[in-house]
Amino acid sequence: MKKFLTALLLSLFSFFYAQDSIKKPTPITKDTKFGLALSGGGAKGFAHIGILKTIDSLGIKIDYITGTSMGGILGGLYGMGYNGEQLKEMVYGMNWRRILSNKIPYNQINISEKDEYNKYILEFPIIGGKPSLPDSYIEGQYMGEVLNNLTFPAKHINDFSKLPIPVELTSSDIVNGGLVMQKKGSLALAIRSTLAIPAAFAPVYIDGRLLVDGGLDRNFPVQEVKDMGAEYVIGGYTGFRLFTKEEIKNPMKMIYQTHAFHSVQDFNEQKKMSDIMVDFVTPLNDITTKDFRKYKEIIKIGEQEAKRHLPEFVALANEQKRLGIIYDHKLIEEVKKPTIQFTYNEDNGTPISNPSEIQAIRSLMGLKEGVYYDAKTINAAIDRVFGMKQYDRVYYTYTDSPDGLIMNIFVKRAAQSAVKLALHYDNEQSVGIILNYTYRDYAEGKFRALATVDISERFKARLQFQKFLDTDYRWWVSLEGNISFLKSNDLILRFSDNHDASNNLFFPNYIYRNIKASTAINYSVHPNAVASFGLNFNAEKLNRSVDRISQTFTDLYSRKVYYHTNLDLFFKFNQNNFNKRYYPTSGNNLQFITKYYFGDQYGLYDLKQIQPELYDYLNPGSEEYYKPKNLISLTLNENYILPLSKRFAIKANAFLGTSFSPQTLGPSDGAPYFFLNQKFNLGGSEYNFDGMSPEFNGFRQKEIPINSVAKVGLEVQYRIYHKLYLTPSFHYAAVSDELSPFKSNTKLIGYGLNLGYESLLGPININISRNDVLNLWRAYFSIGFKF
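Numbering (full-length UniProt numbering), first residue to last: 1 to 787.
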């Protein structure tokens with residue numbers, strides 16, 4: 001009996017202890033304040049939308065909100081008045097690949113920088129004279145623009161307690177340590193700081209402190225929402241879980257686990273203070289923080305998991321209605337105040353002291369005091385500054401005042417110099433490594449200098465210098481030098497070669513060496529358009545490429561075939577507002593080029609006896625030719641892209657290359673002679689920005705040099721999945737050896753199919769094409785960024 005009584009007492013003690021450890025429901029009165037705490041979790045945080053939609057559907061009133069990382073984004077926007085359904089639509093409509101990158105749309109890059117933008121795999125800033133790693137993977141310029149758009153109606157609110165629902169967002173001081181609650185300032189900047197995952201996203205300066213993701217100190221801020229005044233708390237958790245013994249055999253998960261311990265332990269304490277606790281960890285077990293592409297699946301899981309707690313939500317909603325607590329949730333209305341002042345600051349908040357730099361920023365933005373500006377206008381102004389690529393990040397905040405708004409512009413300066421790297425391969429030329437060194441000084445000297453070299457069998461190099469002449473960055477002078485050694489694809493060269501294997505001779509390859517030097521004065525008509533007038537020097541040389549075996553069976557006296565130098569005065573207009581450099585889906589690229597050639601000097605080596613046909617092809621004194629005087633060429637190249645849907649886009653191309661000369665026909669009534677660098681070069685399956693070389697199906701790049709050409713092309717680009725594109729194409733051209741192609745009887749038709757993929761190494765293209773001239777299928781493969 002004594003043992004039975006002892007066991008009974010122990011059982012009763014255990015029962016009452018267990019009951020005491022279970023959180024008792026918080027009593028609700030008419031004065032009870034209700035809080036919402038949403039955790040971080042990267043992409044997994046989309047699940048919180050399920051809670052927000054449930055709150056809205058039942059009409060539950062929320063008085064205070066705290067959030068971390070993704071929970072901070074959704075919580076901050078919900079506090080502004082967005083509802084759960086609006087936030088779901090927002091997530092569905094976002095271009096997450098662009099947001100989570102360092103890239104902004106190509107059409108927002110200044111025309112003076114487009115030639116170098118998005119051409120390299122890696123970029124290392126030069127700090128202290130040595131290449132260094134960037135301080136983060138993602139600076140988040142486009143992300144900041146999106147956040148400013150979403151929070152624009154609340155731009156005049158600098159105290160988050162004045163939002164329709166008071167909000168506080170967590171951040172961590174990465175320098176001094178400790179939790180920092182964002183309660184005042186710019187809501188967009190506060191959201192940006194709470195999602196700044198260390199090393200992934202660049203940290204943010206606020207009030208002199210360098211802040212990162214608040215999840216380092218408090219991923220699930222229940223205590224903080226209670227500190228705001230909440231007595232009844234709804235919580236949503238999408239954060240860490242601890243891996244099993246088997247899982248931590250993976251070294252990366254082992255590292256992750258060491259960070260998760262503190263967060264999971266803190267969560268176990270925070271959830272005890274929650275009245276309705278929706279724990280998404282187990283349902284999201286197969287989802288990672290970076291699975292942003294799975295947003296539909298995550299939101300669906302969030303909605304399903306919130307329904308499991310529906311009885312608790314319904315009970316709360318009924319109690320609120322019984323007590324007369326009113327749900328009144330709507331988006332804050334924008335107060336349209338004028339901007340009365342601008343301030344210019346470095347990223348850490350220090351005012352910019354250089355008057356020239358301030359004037360440059362001011363000129364690029366083009367905004368004036370005393371005027372109201374909407375979000376679209378402001379973001380376009382910020383993009384014009386960022387598009388010069390002098391800064392890694394450009395953003396703004398507003399300070400409210402009785403007379404209007406003060407706009408505070410912040411810039412994070414890019415390293416003045418950087419080393420860049422890219423790889424490339426194609427089956428027409430060779431494999432190579434591209435190295436680039438770029439130095440910029442737009443604040444003082446207003447110039448950019450760069451050197452690029454392609455280390456490969458087909459060597460290429462480029463030197464360029466451009467200096468702006470005004471504070472508006474409209475006028476600039478440019479100097480440029482290029483050298484290239486490429487295997488010539490010239491089909492006429494091969495047809496003109498009369499050597500054959502039956503005579504124990506060979507078909508040599510030809511290497512085309514080209515050296516260019518140019519200077520120009522340029523005027524930016526628009527950030528996406530430039531007019532240029534300049535002088536170009538061109539030296540070209542053609543050599544045979546003879547392998548050692550052929551040399552033993554032949555007696556070719558010299559590898560030299562042809563050289564030619566000349567000058568040309570040129571005028572060029574280039575307008576480019578493609579939304580992407582590769583596989584664009586909207587925009588157009590218009591090029592108009594006219595050149596006046598003079599100063600021709602040429603030489604033909606010992607060809608006449610050995611290769612008479614080739615000699616005749618390259619000899620301007622041949623009876624078949626007359627050499628035009630005062631030759632003027634004209635090129636018009638328009639590429640227009642019409643988006644039909646998210647997956648389909650139609651690309652149309654029209655190209656005209658023609659020439660003019662007052663020279664009348666010579667006595668032989670022959671065709672006009674053009675040197676190689678005066679010809680238009682037809683061929684290739686990849687779009688290039690060279691206005692003299694239109695692509696054409698079934699030919700290798702620059703395979704058909706011709707005096708004049710008129711060409712149209714039509715392509716249908718279909719995005720199969722994510723970054724994979726399928727593009728059938730049709731090309732039609734009229735070509736002529738005369739000055740103009742319009743009276744030509746030579747017509748070409750080509751068709752092809754391209755499979756393209758946007759990879760980390762650069763675009764990958766697999767192309768199959770054919771035309772009615774060669775009547776054979778051509779296959780082309782390339783990977784990587786082009787020189």
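Where is the CB? At the ideal position from N, CA and C, for every residue including glycine.
So, is L776 buried or exposed, given that buried needs 16 or more other C-beta atoms within 10 angstroms?
exposed
Mapping the DSSP letters down to three states, classify E695 as helix, strand or coil.
coil
Through-space distance from I768 to I720, alpha-carbon basis:
18 Å
Closest by C-alpha distance to L405, when choosing among Y523, I706, N158 and E457:
N158
Compare the beta carbon distance of G349 and A190 with 9 Å and say whether it is the shorter of the two.
no
Helix, strand or coil for N318? Go by DSSP, reduced to three states.
helix
Reducing DSSP to helix, strand and coil, say where W475 ends up.
strand
Chain-order list of residues whose beta-carbon lies under 6 Å from that of E715 (same chain, five-residue window excluded):
Excluding sequence neighbours, E715 sits near K651, T727 and S729.
By a C-beta neighbour count over all protein chains shown, 10 Å radius and 16 as the cutoff for buried, is Q678 buried or exposed?
Buried, by the Cβ-count rule.
Residue range of the beta strand (DSSP E) that includes V411
V411 -> beta strand (DSSP E) spans G404 to R413.
State buried or exposed for V371, treating a residue as buried only when at least 16 other CB atoms are found within 10 Å of its CB.
exposed
Rounded to a whole number of angstroms, what is the C-alpha to C-alpha distance between D279 and I287?
Going from the Cα of D279 to the Cα of I287 covers about 14 Å.
Sheet register partners of V204 (DSSP bridge)
L211
Those residues which DSSP pairs with M181 across a bridge:
T170
Go ahead and label S545 buried or exposed: buried means 16 or more other beta carbons lie within 10 angstroms of its beta carbon, across all protein chains shown.
Exposed, since its Cβ has fewer than 16 Cβ neighbours within 10 Å.
Reduced DSSP secondary structure (H/G/I, E/B, other) of D600
strand
Residue burial classification, V97 (beta-carbon count within 10 angstroms, cutoff 16):
The sequence shown places Arg at residue 97, rather than the Val named in the question. The residue in question, R97, is exposed, as its Cβ has fewer than 16 Cβ neighbours within 10 Å.
In whole angstroms, give me the CA-to-CA distance for F506 and A779.
In this prediction, F506 scores a pLDDT of 47, lower than 50, which makes its location untrustworthy; the coordinate-derived value is nonetheless stated afterwards. Taking the straight line joining both Cα atoms gives about 25 Å.
Smallest Cα separation from N436: which of A422, Y442 and D426?
A422
State the Cα-Cα distance for the pair V419 and V233, rounded to the nearest angstrom.
Here the C-alpha atom of V419 lies approximately 52 Å from the C-alpha atom of V233.
Using a threshold of 9 Å, state whether the C-beta atoms of Y442 and G229 are closer than that.
no
R647 burial status per 10 Å Cβ neighbour count (16 or more: buried):
exposed
How is D772 classed by DSSP in three states: helix, strand or coil?
coil
Whole angstroms are fine: how far does the CA of T238 sit from the CA of E297?
14 Å
Pick from L569, N589 and L604 that is closest to L634, judged by C-alpha positions:
L569
CB contact flag (I60, F468, <9 Å):
Note that the C-beta distance between I60 and F468 is not below 9 Å.
8 Å CB neighbourhood of D135 in its chain, flanking five on each side removed
A202 and P203
Identify the residues that DSSP records as bridge partners of S532: which are they?
N522 and K572
Since V91 is in the alpha helix (DSSP H), which residue starts that stretch and which ends it?
G84 to G93
Have a look at P741 and R770 and give me their C-alpha separation to the nearest angstrom.
It is roughly 22 Å from the alpha-carbon of P741 to the alpha-carbon of R770.
With the cut-off set at 9 Å, would you say residue 790 and S659 are in Cβ contact?
Residue 790 cannot be examined here, being either before or after the span of the chain that is shown, 1 to 787.
Let's see if you can read the secondary structure: which residues bound the beta strand (DSSP E) around N176?
It is not in any beta strand (DSSP E) - N176 carries neither H nor E in the DSSP assignment.
My parser needs the beta strand (DSSP E) runs of 3 or more residues fully inside the region 43 to 80; what are they?
List check, beta strand (DSSP E) in window: 64 to 67.
Give the secondary structure of V233 by DSSP, where H, G and I count as helix, E and B as strand, and everything else as coil.
strand
With 16 other CB atoms within 10 Å as the buried threshold, where does V530 fall?
buried
Contacting residues, own chain, Cβ-Cβ under 6 Å from I165 (five flanking each side not counted):
I62, I65 and G79
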